[in-house]
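A.B. asks: Numbering (our numbering), first residue to last: 131 to 414. From the three backbone atoms N, C-alpha and C, an ideal C-beta is built for every residue, glycine too. Attaching a single structure in structure tokens format; questions to follow.
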Amino acid sequence: MNNFHGHPTRRLTTDFLTLDYLIDAGPRLVRLSLKGSDTNLLGETPTVGWETPNGYYHLLGGHRLWAAPEEPGVTYAPDGSGMAVREIPEGVELSWEPKTGEGGIAKFVRIEPEIDRAAIRFIHRITNRFAYPVTFAPWAITVLPLGGTAYLPCPPVGEDFQPDRALVLWPYVRWNDPRLGLHDAGLTVKAQAAMPPIKIGAFSASGWTAYEREGVLLFKCFEPLVGEYPDKGCNVEIYCSDKLLELETLAPAMYMRPGESTEFSEIWEIHTGEAVQEILADFE
131 MNNFHGHPTR RLTTDFLTLD YLIDAGPRLV RLSLKGSDTN LLGETPTVGW ETPNGYYHLL
191 GGHRLWAAPE EPGVTYAPDG SGMAVREIPE GVELSWEPKT GEGGIAKFVR IEPEIDRAAI
251 RFIHRITNRF AYPVTFAPWA ITVLPLGGTA YLPCPPVGED FQPDRALVLW PYVRWNDPRL
311 GLHDAGLTVK AQAAMPPIKI GAFSASGWTA YEREGVLLFK CFEPLVGEYP DKGCNVEIYC
371 SDKLLELETL APAMYMRPGE STEFSEIWEI HTGEAVQEIL ADFE
């Protein structure tokens, strides 16, 4: 398959995974499946989009790179064209540049499937193409289909006298939302249809977040870097609407002069069977 809802794609394969990425828009990894399976573990949202100060933004789905904090004129820059693709021995490098003369944030994603297990290494980089300094953070967002549960781990229960965890809620979230679960091990969000939007966030010192659906666990792990984060200190955010769930990870915001960059890496692991139960045991 070399097409994703009208957008041309190319494929990476290993003995464990099949990955499809866009070659005209993005950067986007749009399909991820276990070898031998036709089930896309990523969400497909070809009809989802909205008007922005720079034109219509097509979400499309899959895994993308944004810049935080969320500023419509920058974050929602239409990325339906202008991609550069460089195939490398380890995988592929996807680069997107804002239109010449307009300024903006350039985006770069390096995708490296591991050859000996069901895992992928990502490098996300944003670069300041404005003519003046800006402060933004790399924001790695993974769209996932409804029907599963997202996990956000928190520090274990202790006996110290100082607070060690905080929950961030967006203005449209209700405390009694039935999708939100509170556990000693952390937070969960059930991705159910026909419900209003919910978005939560926290700082995860554990350095991981995950989504389980139909017995398959997408496990995103990263280094919890020290620094100033957007959105009241969150390095993990979970958003769910009636069409999708987004598993979001962030690096600290960086002051960037024109031409300067900041980057953020994460590793995805795909687990099935007993491994899923072992990883999520503390949430039971």
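Once you ignore the five residues that flank G403 on each side, which residues in its own chain have a CB closer than 8 angstroms to its CB?
C.D. replies: For the purposes of this step, residue 403 is taken as the residue at position 273 of the sequence shown. Excluding sequence neighbours, G403 sits near G345.
A.B. asks: Take L142 as the anchor and find which of V160, H135, G136, G156 has the nearest alpha-carbon.
C.D. replies: By 1-based counting over the sequence shown, the position of residue 142 is 12. Of V160, H135, G136, G156, the residue nearest in Cα terms is V160.
A.B. asks: Note down, in chain order, each residue of its chain lying with its Cβ closer than 6 angstroms to the Cβ of E174, except the 5 sequence neighbours on either side.
C.D. replies: Reading the sequence shown from its first residue, position 44 is the one you call residue 174. Excluding sequence neighbours, E174 sits near G191.
A.B. asks: Look at the alpha carbon of L171 and the alpha carbon of M213, and state the distance between them as a whole number of angstroms.
C.D. replies: Translated into the one-based positions of the sequence shown, residue 171 becomes position 41. Translated into the one-based positions of the sequence shown, residue 213 becomes position 83. If I take the Cα positions, the gap works out to 24 angstroms.
A.B. asks: Would you mind working out which of F146, E223, V319, P268 sits nearest E390, comparing C-alpha positions?
C.D. replies: If you number the sequence shown from 1, residue 390 lands on position 260. Ranking the options by Cα distance to E390, first place goes to P268.
A.B. asks: When we look at the beta-carbon of F394 and count the other beta-carbons within 10 Å, is it buried (16 or more) or exposed?
C.D. replies: Taking the sequence shown and counting its residues from 1, one reaches residue 394 at position 264. With 16 or more Cβ atoms within 10 Å of its Cβ, F394 is classed as buried.
A.B. asks: Comparing alpha-carbon positions, which option in E220, A280, G278, E227 lies nearest I253?
C.D. replies: Numbered from 1 along the sequence shown, position 123 holds the residue referred to as residue 253. Comparing Cα-Cα distances from I253 to each of E220, A280, G278, E227, the minimum goes to E220.
A.B. asks: Hey, how far is the Cα of H121 from the Cα of F413?
C.D. replies: Residue 121 lies beyond the range of the chain shown here (131 to 414); nothing can be said about it.
A.B. asks: What does E342 pair with, by DSSP beta-bridge criteria?
C.D. replies: One-based indexing of the sequence shown puts residue 342 at position 212. Note: E342 sits in a beta bridge opposite T279, L347.
A.B. asks: In whole angstroms, give me the CA-to-CA distance for E378 and A236.
C.D. replies: By one-based count along the sequence shown, residue 378 stands at place 248. By one-based count along the sequence shown, residue 236 stands at place 106. Each residue's alpha carbon lies about 19 angstroms from the other.
A.B. asks: When burial is assigned at 16 or more other CB atoms within 10 Å of the CB, is K165 buried or exposed?
C.D. replies: Sequence index remark: in the sequence shown, residue 165 carries index 35 (1-based). K165 comes out exposed.
A.B. asks: Any contact between the region 235-249 and the region 310-328? By contact I mean 3 or more CB pairs, one from each, below 8 angstroms.
C.D. replies: no
A.B. asks: Contact between the region 356-371 and the region 327-339: three or more CB pairs below 8 angstroms?
C.D. replies: yes
A.B. asks: Run the CB neighbour count on R240, radius 10 Å, all protein chains shown included, and call it buried at 16 or more, exposed below.
C.D. replies: As a working mapping, residue 240 is identified with position 110 in the sequence shown. R240 is buried by the Cβ-count criterion.
A.B. asks: Note down, in chain order, each residue of its chain lying with its Cβ closer than 7 angstroms to the Cβ of W300, except the 5 sequence neighbours on either side.
C.D. replies: Counting from 1 along the sequence shown, the entry for residue 300 is found at position 170. K329.
A.B. asks: Residues in its own chain within less than 7 angstroms of P151 by CB, not counting five upstream and five downstream?
C.D. replies: Within the sequence shown, the letter at position 21 stands for residue 151. Checking the displayed sequence, the identity of residue 151 turns out to be Tyr instead of Pro. Cβ within range, chain order: T139, R140, R158, L159, V160, V222, L224, I241.
A.B. asks: Tell me the residue span of the beta strand (DSSP E) that contains D412.
C.D. replies: On the sequence shown, residue 412 is found 282 positions in, with the first residue counted as 1. Element bounds for D412: n/a, residue is neither H nor E.
A.B. asks: Kindly identify the DSSP beta-bridge partner or partners of F146.
C.D. replies: Numbered from 1 along the sequence shown, position 16 holds the residue referred to as residue 146. DSSP, once it has assigned bridges, lists no residue as partnering F146.
A.B. asks: Are the CB atoms of F260 and P388 within a distance shorter than 8 angstroms?
C.D. replies: Within the sequence shown, the letter at position 258 stands for residue 388. Within the sequence shown, the letter at position 130 stands for residue 260. A distance below 8 angstroms separates the beta carbons of P388 and F260.
A.B. asks: DSSP beta-bridge partners for I245?
C.D. replies: As a first step, residue 245 must be located in the sequence shown, where it is residue number 115. Paired residue(s): none; I245 is not in a bridge.
A.B. asks: For K229, which three-state DSSP category applies?
C.D. replies: As a working mapping, residue 229 is identified with position 99 in the sequence shown. Per DSSP, reduced to three states, the secondary structure at K229 is coil, with no helix or strand assignment.
A.B. asks: Name the DSSP bridge partner or partners of P138?
C.D. replies: As a position in the sequence shown, residue 138 is number 8, starting the count at 1. Residue pairing for P138: DSSP places it in a beta bridge opposite N133.
A.B. asks: Ends of the beta strand (DSSP E) at V204?
C.D. replies: To locate residue 204, count along the sequence shown from 1; it is residue 74. V204 -> not in any beta strand (DSSP E); alpha helix (DSSP H) instead, spanning 202-205.
A.B. asks: May I ask you to report which of helix, strand or coil DSSP gives E404?
C.D. replies: Translated into the one-based positions of the sequence shown, residue 404 becomes position 274. Helix at E404.
A.B. asks: Measuring straight from C-alpha to C-alpha, what distance separates P263 and G203?
C.D. replies: Position 133 of the sequence shown, counted from the first residue, corresponds to residue 263. Position 73 of the sequence shown, counted from the first residue, corresponds to residue 203. For P263 and G203, the distance between alpha carbons rounds to 16 angstroms.
A.B. asks: Work out the CA separation of S167 and T144 for me, nearest whole Å.
C.D. replies: By one-based count along the sequence shown, residue 144 stands at place 14. By one-based count along the sequence shown, residue 167 stands at place 37. Computed Cα separation, rounded: 13 angstroms.
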